[in-house]
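Asks: Count the sequence shown with this note's numbering and you get residues 5 to 628, in order. All C-beta atoms, glycine included, are put in the ideal place defined by N, C-alpha and C. From a predicted model like this one, the values you see are computed outputs, not experimental measurements.
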Amino acid sequence: MIRPPLTFRPGEVAVFRGTRAFSSFNWARENMRIIAGPFKGHLWSPDVSPQARPILSLLDRDHVRKAYLIAPSQSTKTTIAHAFFFSQLAKRRDNWGIGVADQNAAGKVVEGKLHPYFKSSPALRGMLATGDALTKYDIRLDGDAWISAMWAGSDSRMRSDSYPYLHIDEEDVYLDKSAAATMEERADAYVALGMSKIIHTCRPQGNEDQSVIWNAATTQAQAWCMYEMRCPVCHTYQVMEHRNIVAADGSREPGRIRVEKLGRYRCVSCGALWSNSGRNLAARAGRMVAVRGDMDEATVLAFHLRSWESTLVCLSEVLARWFEAQGNPMAMQRWDNNECAQPYRFISVESDEDKLAQRIDPELDTGVVPGWALCLTLAADMQKDHFYWSVCAHGLAPERYHIVDYGRVQTWDELDAVIYRSRYRTVDGREFGIWRAALDTGGTKHEDEDVSRPMQAYKWLLAQRPGVVYGTKGMSRTSPGIFVKTTPIDTLPNGHKLTNPYVLHLLDPDAFKRQVFWRLSDGGEEEPLTFHARTDRDYLRQVASERLEKGKDGVERWKRFRANHYLDCLVGHEALAHWQWKPSLAQLAQAQQQAARAEEARHAAQPVRQDNPYTGGMRLFGTE
């Protein structure tokens, strides 16, 4: 009896067929076409995403089973995943599952993205089964293989089929936080055979407790990979960090940085400033490295990319958004999630007098102005029958503060004298007066509104010469990115109408307190705040009088546990020199420097003394 020859089913043939020998990167470059944007219809270019080559090369390795691609939106992370799985289908036809947040997203991915890829590429079209292969949630391939969308909340979709190829996209937005793990189970049958490839692509959302992909990647990845750029000038490799993104002229004003395209990256080795084009050259000459673990041996990899590392992102926009986020917790969360592609980390802000004592400069006695100072500001905190005040020296490039003097006075006349008659000097004899002063107009009320402290404050402010002393008040309602704004006051607290409205400056005290404590801790080296040599414990205790805490409801609040008058004065100093207070210190300094250079060009042999036109004859810079 002659037995029939051994035959295999189509699925078995597909499993045991050897894979073709070509790289995913080369396949994508030769066959994958852009489906949207100005380059629609063109072949995918590796120059757009230099990080794609090393990522795809590592994914091609047989022993790599899973990868986490953590990156911001619009950073080509999903395109890289699609390129890899398309190339896998070209090597061996099999099922590919794509996990998304909901049914609507599933339709957008399959119909909106995958259908156009198949229609635009002859290589992909050749993979389709005969007949109606393209449907809303599935794509039928030859060899009885499928591309199918799964979505969180649908057990029938998440549990119905097995997939050796699995792509889980934006899992941090899934309402069911366990859905990604459920989707991963679809590859279990292939894991033991060494035939599974799983890629997670996501931009982290929320904080460290909320980000599913961040927690999964940090616990499962055996190597954490980042991209090193190579400086076009000195050829030094380096991972770009946002602290080295600077403005070409040192500006801290987001509007100017954005409009004038001032954003640059400073090479950590040679100090060269990379423009966007320089950054792109550095990226194209870059390399992927493991900052933790062994990239060559790992079976599970994590790739972490940030927005400023993408050739599609403008450095000026990144820097502008950084300055806009300072002091605003909601904006900082967006910065961490959208720019850094990492969870937002809440930092409990607090300090004590012992830590603050480390910020005392023993070389600068009371009243001595640092040599780097451009101007002095005075901030006063009004109490029921007295005032606390402090004088601060300000410098730029880098921005730094030094408390030159502080004290307490009883009367309005004494406050007048401190503001207008105080004189301070540097070691080499340059003399400074007060450039700009602020008085907090808040206070208690009395039965007679005419003698309330706010009423007294407004009467006193209305009698001041313009351009030196300003009234301030904390905002009752803050807005993201707004730290200082003005509002006209045409009616006094007693109901009296003003002929000419008084312009009051409203401040975001939460944002400025965060900035103060940052200068006293993590920012102490970059943009420090220091105190004069005779600073006493009472002053330091008042500065260390509040702590930022997160409540059970997740809301961050300041908790005060002692008198905080000198801390309020520091808030005033921050506001007086802030870029949103117009004209800003940076604007005036730049204008005066330009005027000085022009004058020096005309009178090279003569020393120049420049008056600040904004302060009625007072000098922004110290005089001889």
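1. In whole angstroms, what is the alpha-carbon distance linking K140 and A185?
2. Helix, strand or coil for I202 per DSSP?
3. Given a cut-off of 8 angstroms on the beta-carbon distance, is the pair T495 and K489 in contact?
4. To the nearest whole angstrom, what separates the beta carbons of L466 and Y506, a pair I think is in contact under 8 angstroms?
5. To the nearest whole angstrom, what separates the beta carbons of R601 and E357, a pair I think is in contact under 8 angstroms?
6. Would DSSP call E435 helix, strand or coil?
7. Look up C344 in the DSSP assignment and give the residues it is bridged to.
8. Measure the CB-CB distance between I203 and F90 and report whether it falls below 8 angstroms.
9. Would you say M459 and N504 are within 8 angstroms of each other, going by their C-beta atoms?
10. Within a Cβ cutoff of 8 angstroms, which residues of the same chain sit near E321, ignoring the five residues on either side of it in sequence?
11. Can you tell me whether DSSP reads N211 as helix, strand or coil?
12. Select from E232, A306, C318, Q346 the residue whose C-alpha is nearest the C-alpha of R207.
13. Tell me, which residues are paired with A221 by DSSP?
14. Ordered along the chain, which non-local residues of its own chain (more than five positions away) have a Cβ less than 6 angstroms from that of D444?
15. Could you tell me whether the segment 176-194 touches the segment 207-226, using the rule of 3 or more Cβ pairs below 8 angstroms?
16. Let me know if E188 comes out buried or exposed under the rule of 16 or more other beta-carbons within 10 Å of its beta-carbon.
17. Given a threshold of 16 other Cβ atoms within 10 Å of its Cβ, counted over all protein chains shown, does P258 qualify as buried or as exposed?
18. Going by DSSP in three states, K586 sits in which element: helix, strand or coil?
19. With H, G and I counted as helix, E and B as strand and the rest as coil, what does DSSP make of P504?
20. Mind checking which residues open and close the beta strand (DSSP E) that includes V488?
21. Counting Cβ pairs closer than 8 angstroms, one from the segment 133-148 and one from the segment 46-53, do we hit at least three?
22. Classify H246 as helix, strand or coil using the three-state DSSP reduction.
23. For a test of the three-state rule: what should DSSP assign to M131, helix, strand or coil?
24. Nearest to V114 by CA position, among R481, I143, D64, G275, is which residue?
25. Helix or strand or just coil, what does DSSP make of Y178?
26. Going by beta carbon distance, what residues of the same chain come within less than 6 angstroms of W464, once the five residues before and after it are set aside?
27. Under the rule that 16 or more other beta-carbon atoms within 10 Å means buried, what is D173, buried or exposed?
28. By Cβ distance below 8 angstroms, which residues in the same chain neighbour R429 in space, the five residues on each side in sequence not counted?
29. List the whole-angstrom C-beta distance separating C271 from C318, where the pair is believed to meet the contact cut-off of C-beta under 8 angstroms.
30. Evaluate F565 with the Cβ neighbour count: other Cβ atoms within 10 Å of its Cβ, from every protein chain shown; 16 or more gives buried, anything less gives exposed.
31. Can you find the residues in the same chain that come closer than 6 angstroms, C-beta to C-beta, to D574, ignoring five residues on each side of it along the sequence?
32. Reducing DSSP to helix, strand and coil, say where T82 ends up.
33. To which residues of the same chain is V243 closer than 6 angstroms at the C-beta, ignoring the five residues directly before and after it?
34. Over what stretch of residues does the alpha helix (DSSP H) that includes S166 continue unbroken?
35. Do you know whose CA, among R561, E560, V304, D432, lies nearest A71's CA?
36. Cutting at 6 angstroms between CB atoms, please list the residues of its own chain near A397, excluding the five before and the five after it.
Replies: Checking against the coordinates, here is how it stands:
1. As a first step, residue 140 is located in the sequence shown; it is residue number 136 there, counting from the start. As a first step, residue 185 is located in the sequence shown; it is residue number 181 there, counting from the start. Counting only the Cα atoms, A185 lies some 24 angstroms from K140.
2. As a first step, residue 202 must be located in the sequence shown, where it is residue number 198. It is a strand residue.
3. Translated into the one-based positions of the sequence shown, residue 495 becomes position 491. Translated into the one-based positions of the sequence shown, residue 489 becomes position 485. In terms of Cβ geometry, T495 and K489 do not form a close pair [threshold 8 angstroms].
4. Residue numbering aside, residue 466 sits at position 462 when the sequence shown is read from its first letter. Residue numbering aside, residue 506 sits at position 502 when the sequence shown is read from its first letter. Yes, L466 and Y506 are in contact; Cβ-Cβ is about 6 angstroms, under 8 angstroms.
5. Here residue 601 corresponds to residue number 597 of the sequence shown, with the count starting at 1. Here residue 357 corresponds to residue number 353 of the sequence shown, with the count starting at 1. In fact, because the Cβ distance is near 44 angstroms, the residues do not count as touching under 8 angstroms.
6. In the sequence shown, residue 435 corresponds to position 431, counting from 1. The DSSP-derived three-state label of E435 is strand.
7. Position 340 of the sequence shown, counted from the first residue, corresponds to residue 344. BP columns for C344 are empty, so no partner.
8. Against the sequence shown, residue 203 aligns to sequence position 199. Against the sequence shown, residue 90 aligns to sequence position 86. Taking 8 angstroms as the Cβ cut-off, I203 and F90 do not qualify as a contacting pair.
9. For the purposes of this step, residue 459 is identified with residue 455 of the sequence shown, where counting begins at 1. For the purposes of this step, residue 504 is identified with residue 500 of the sequence shown, where counting begins at 1. Not a contact, by the Cβ cut-off of 8 angstroms.
10. Stepping through the sequence shown from its first residue, residue 321 is reached at position 317. The residues are R262, G267.
11. Position 207 of the sequence shown, counting from 1, holds the residue named residue 211. The DSSP-derived three-state label of N211 is strand.
12. Residue numbering aside, residue 207 sits at position 203 when the sequence shown is read from its first letter. For R207, the nearest C-alpha among the options comes from Q346.
13. For the purposes of this step, residue 221 is taken as the residue at position 217 of the sequence shown. Looking at the DSSP output, A221 shares a beta bridge with no other residue.
14. Locating residue 444 in the sequence shown gives position 440, where the first residue counts as 1. For D444, same chain residues with a beta-carbon under 6 angstroms away, outside a window of 5 residues either side, are D385, M386, T476 in chain order.
15. The segment 176-194 vs the segment 207-226: in contact.
16. Numbered from 1 along the sequence shown, position 184 holds the residue referred to as residue 188. A residue is called buried when at least 16 other Cβ atoms come within 10 angstroms of its Cβ; E188 meets this threshold and is buried.
17. By 1-based counting over the sequence shown, the position of residue 258 is 254. Buried: at least 16 other Cβ atoms inside 10 Å.
18. By 1-based counting over the sequence shown, the position of residue 586 is 582. Assigned with DSSP and collapsed to three states, K586 falls in coil, not helix or strand.
19. Locating residue 504 in the sequence shown gives position 500, counting from the first residue. For the sequence presented, residue 504 should be read as Asn rather than Pro. Residue state, collapsed to three classes: strand.
20. Along the sequence shown, read from residue 1 onward, the residue named residue 488 stands at position 484. Membership of V488 in the beta strand (DSSP E) is indicated by the continuous run 488-495.
21. Taking 8 angstroms as the limit for Cβ pairs, the verdict is that the segment 46-53 does not touch the segment 133-148.
22. Taking the first residue of the sequence shown as position 1, residue 246 is located at position 242. Three-state DSSP puts H246 in a helix.
23. On the sequence shown, position 127 is the one that residue 131 refers to. Annotated three-state conformation of M131 is coil, per DSSP.
24. Here residue 114 is taken as the residue at index 110 of the sequence shown, counted from 1. When each option's Cα is compared against that of V114, the closest is I143.
25. If you number the sequence shown from 1, residue 178 lands on position 174. DSSP places Y178 in coil when its eight states are reduced to three.
26. To locate residue 464, count along the sequence shown from 1; it is residue 460. Correct list, in chain order: W416.
27. For the purposes of this step, residue 173 is taken as residue 169 along the sequence shown, with counting starting at 1. Classified as buried, D173 has 16 or more neighbouring CB atoms from the shown chains inside 10 Å of its CB.
28. Residue mapping note: residue 429 aligns to position 425 of the sequence shown, counting from 1. Contacts found: G371, V372, V373, E435, F436, G626.
29. Walking along the sequence shown from the start, residue 271 turns up at place 267. Walking along the sequence shown from the start, residue 318 turns up at place 314. The C-beta distance from C271 to C318 rounds to 19 angstroms, too long to fall under 8 angstroms, and the pair is not in contact.
30. Translated into positions along the sequence shown, residue 565 becomes position 561. Sixteen is the threshold: since fewer than 16 other Cβ atoms of the shown chains lie within 10 Å of the Cβ of F565, the residue is exposed.
31. Locating residue 574 in the sequence shown gives position 570, where the first residue counts as 1. It should be pointed out that residue 574 corresponds to Leu in this sequence rather than to Asp. Here the set comprises V520.
32. Taking the sequence shown and counting its residues from 1, one reaches residue 82 at position 78. In this structure, T82 counts as helix in the three-state DSSP scheme.
33. By 1-based counting over the sequence shown, the position of residue 243 is 239. For V243, same chain residues with a beta-carbon under 6 angstroms away, outside a window of 5 residues either side, are M230, E232 in chain order.
34. Position 162 of the sequence shown, counted from the first residue, corresponds to residue 166. For S166, there is no enclosing alpha helix (DSSP H), since its DSSP letter is neither H nor E.
35. Along the sequence shown, one-based indexing puts residue 71 at 67. Cα-wise, what sits closest to A71 is V304.
36. Walking along the sequence shown from the start, residue 397 turns up at place 393. Answer for A397: V373, P374, A377, L380, H406, V408, listed in chain order.
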